[in-house]
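Position in the sequence shown (from 1) plus 248 gives the number in this note's numbering.
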Amino acid sequence: MLAHLGETSLSPQQAALRNTIIQFEFTTSTPMAIKLYLFLFLAFFTFSKADDLGLLKLKLKEIQMTVYFQDYSGGPNATVVEITDPSHGLLSFTKFGAIFCTDDPITEGFEESSAQIARAQGIYVTSALDGSNTHVLISIVFINDKYKGSTLEIQGTSAQFERVREVAVVGGTGKFRLARGYATFETLSYDHASHYALIQCNLTVVHL
């Protein structure tokens with residue numbers, strides 16, 4: 249069954265297991281031998297998967313980054329708009345089923361005048377009946393020299409009444425290919441008159 253497998257793609261451990269399996273395949277047929285055969289067969293693929301994971305771990309990099317979302321939910325320069333019912337003017341963040349589109353500037357410092365490094369573009373939906381949770385689908389699209397054109401994809405439930413909200417980082421492109429991790433969001437300040445919110449985002453991500 250396994251005699252046709254090539255030697256060149258096997259590690260020394262895998263090759264030894266392969267030879268043992270072949271010997272049992274052609275010389276034994278007792279129930280105990282069958283059990284051992286299955287055990288060795290599983291071990292063969294365990295070594296194979298372990299080798300693959302080891303190679304992957306060697307290539308992964310980890311980054312930690314703190315950035316700031318400059319968020320306007322109203323006014324002439326609004327960066328968040330309601331899709332479902334935009335006519336009434338006030339955004340109903342706690343209304344079940346409300347859908348919002350966002351394109352927030354992301355800066356490296358908390359001041360609005362700080363250097364812009366990315367945009368937060370996407371949608372979120374109030375997904376809890378009591379308005380406590382939103383489902384977030386956001387792309388962080390980098391525009392700075394270091395990561396220009398790369399993206400990080402944020403998706404998941406955000407508990408919007410909590411001081412700190414945690415959402416998964418589920419992917420990325422460019423310099424963040426195969427990204428996995430998490431992001432935490434904290435609203436540092438909100439000005440009701442101007443509808444301006446300053447949101448701190450802490451990113452912890454592993455990627456190729």
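Beta carbons are placed, not taken as given, at the ideal position from N, Cα and C, and that holds for glycine.
Remember, predicted model here, so these are calculated numbers, not experimental data.
- Taking C-beta separations shorter than 6 Å and ignoring five residues to either side along the sequence, the partners of residue 395 in its chain run 423, following chain order.
- Residue pairing for residue 444: DSSP places it in a beta bridge opposite 320, 439.
- When C-alpha distances from residue 376 are compared across 364, 342, 362, 359, the shortest belongs to 342.
- C-alpha of residue 433 to C-alpha of residue 369: approximately 15 Å in a straight line.
- In this structure, the alpha-carbon of residue 421 lies about 14 Å from that of residue 308.
- Under the 10 Å beta carbon count, residue 397 is surrounded by fewer than 16 other beta carbons and is classified as exposed.
- The residues 319, 435, 438, in chain order, have a CB closer than 6 Å to that of residue 445 in the same chain once the five nearest residues on each side in sequence are set aside.
- When DSSP states are grouped into helix, strand and coil, residue 341 belongs to the coil group.
- Listed in chain order, the non-local C-beta contacts of residue 313 below 7 Å within the same chain comprise 451, local neighbours out to five positions each way being set aside.
- DSSP, reduced to helix, strand and coil, places residue 358 outside both helices and strands of the structure shown, so it counts as coil.
- According to DSSP, residue pairing for residue 311 in a beta bridge involves 453.
- If you compare the alpha carbons of 417, 360, 448 with that of residue 411, the shortest gap goes to 448.
- With respect to residue 417, residue 400 sits close: the two C-beta atoms are nearer than 7 Å.
- Taking all protein chains in view, the Cβ of residue 392 is surrounded by fewer than 16 other Cβ atoms within 10 Å, so the residue is classified as exposed.
- Taking the Cα of residue 389 as reference, the smallest distance to any Cα among 402, 332, 406, 340 is reached at 402.
- Note on residue 378: under 16 other CB atoms within 10 angstroms of its CB, so exposed under the neighbour-count rule.
- Taking the Cα of residue 453 as reference, the smallest distance to any Cα among 425, 443, 361, 372 is reached at 425.
- Counting along the chain, the unbroken beta strand (DSSP E) around residue 400 starts and ends at 399–407.
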